[in-house]
Amino acid sequence: MSEGPINAPALAELCVLLETPGQQLLPDAVEVGGRTPLYQRLRECEALSLAPDLAPEVLCPDCREHRVRPQLLADVRGRYQALCFECGEVELPKEQVRLWQAQPGKVADWLHQALGLRGRYTVTELIPGVLWHLGELEIRRHRRSFFFGCRLDSDPVRVRAKLGELAAPGAEAVITTTETAVLRATPLADCRLIALPAVAQLRKGHLTLEPLDGYFDGLAPPVTSDETSLRVLHRHRVVLIGGVEHKLSPQVYDFLKVLEDAEGDEVHKRQIAQALGIAETFRYADIKKRHKLVFDTFVQSDAKGHFWLRPEYLLLEGG
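Take the sequence shown: its letters are residues 2 to 320, numbered as in this note's numbering.
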């Protein structure tokens, strides 16, 4: 895949990862759903790197059936091995055993450069992994203080306090990967929030930004609704529940996609595990716990390990 077509989905994937708790990806998930080129693109851009932490278990690269426990080879740096019940001892490259870690600080650096603030301001991390101050610009004859934020819903009170320390009321502009819908009932509801995917494009090793003047026109807030559907599942990797957008982790997105592809038929957990690249003995509760409302709204199941989408949402699939 050439650079142009891969950049947009790679940036979308990065935004999803930045909103995931821990901002990490299991190595087995890199190959799920044909997204390997996207993650490799992000690694080339240094927005995604290998964490020092090992995954507790990974899929055997030879048989692709059994889970194995990686161990560092004592005499070879950066190489790992594991024992598979079927294949015996197998060697594992570091990309297959170490967690993949998103780098929000890299995105802050990109925005700092794209806004033309390099040389005048330094990037300052205000809340680790959540909020960065980029600097100030004059837009429409007013001084604006720019920030980058992700997972703003994890500590909105503290984020609001930090914004108030560095920007006058109404002068803050937060470019963020967090969906504004999840912040409506928080102290950040009255802040000027700019969705990163709406204004940014990924280029080779940097971001370019669309003109931001329109975000300072004082236009009316977007129209809301009480829609509950999967209409924007594939375009934005979110679901709508009562008009509120709920962003999905890659694993939950894949889970829903498997059920959607079944067109209402029951899908056994064995098939879901194969599609997600996880153990057949996975606990549904572990996947559901961070997206309980999403699963309760759209998914039904029985005691035999079958899952299916509620029929009232099948007609809206794909938008």
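No residue lacks a Cβ here, since even glycine has one placed at the ideal position from N, Cα and C. The model shown is predicted, which means the values in this text are computed figures rather than measured ones.
Span separating the alpha-carbon of residue i from that of residue j
i      : j      : result
Gln114 : Gln275 : 42 angstroms
Gln41  : Glu96  : 10 angstroms
Leu51  : Gly206 : 18 angstroms
Arg161 : Leu135 : 16 angstroms
Lys305 : Leu112 : 49 angstroms
Arg185 : Arg193 : 12 angstroms
Tyr122 : Leu138 : 10 angstroms
Thr298 : Glu180 : 19 angstroms
Arg204 : Phe86  : 44 angstroms
Asp303 : Lys270 : 11 angstroms
Leu26  : Arg142 : 43 angstroms
6 angstroms CB neighbourhood of residue i in its chain, flanking five on each side removed
i      : result
Asp54  : Leu100
Thr187 : Pro157
Glu267 : His307, Trp309
7 angstroms CB neighbourhood of residue i in its chain, flanking five on each side removed
i      : result
Glu228 : Leu241, Gly244
Asp156 : Ile128, Val131
Val124 : Ala109, Asp110, His113, Trp133, Leu135
DSSP beta-bridge partners of residue i
i      : result
Gln102 : Gln25, Ser50
Trp133 : Glu126, Phe149
Ser155 : According to DSSP, Ser155 bridges with nothing at all.
Gly89  : Cys85
Ser230 : Leu241
His235 : BP columns for His235 are empty, so no partner.
Phe308 : Val268, Ser302
Arg70  : DSSP lists no partner for Arg70.
Reduced DSSP category for residue i - H, G, I as helix; E, B as strand; rest coil
i      : result
Arg65  : coil
Ala56  : coil
Ala168 : coil
Thr177 : strand
Ile7   : helix
Lys248 : strand
Thr282 : coil
Pro94  : strand
Ala190 : coil
Ala1   : The structure shown does not extend to residue 1, since the chain is modelled only from 2 through 320, so no value can be given for it.
Ala201 : strand
Ala115 : helix
Leu213 : coil
Cβ neighbours of residue i in the same chain (closer than 8 angstroms, five flanking residues each side left out)
i      : result
Lys289 : Phe296
Leu213 : Ile140, Ala174, Ile195, Val200
CB-CB length for residue i against residue j, believed under 8 angstroms
i      : j      : result
Ser146 : Ala168 : 4 angstroms
Ala201 : Leu208 : 5 angstroms
Pro105 : Cys151 : 5 angstroms
Val69  : Leu84  : 6 angstroms
Glu14  : Arg36  : 6 angstroms
Min CB distance residue i to chain C below 8 angstroms
i      : result
Tyr254 : The structure shown contains no chain C; it holds only a single protein chain.
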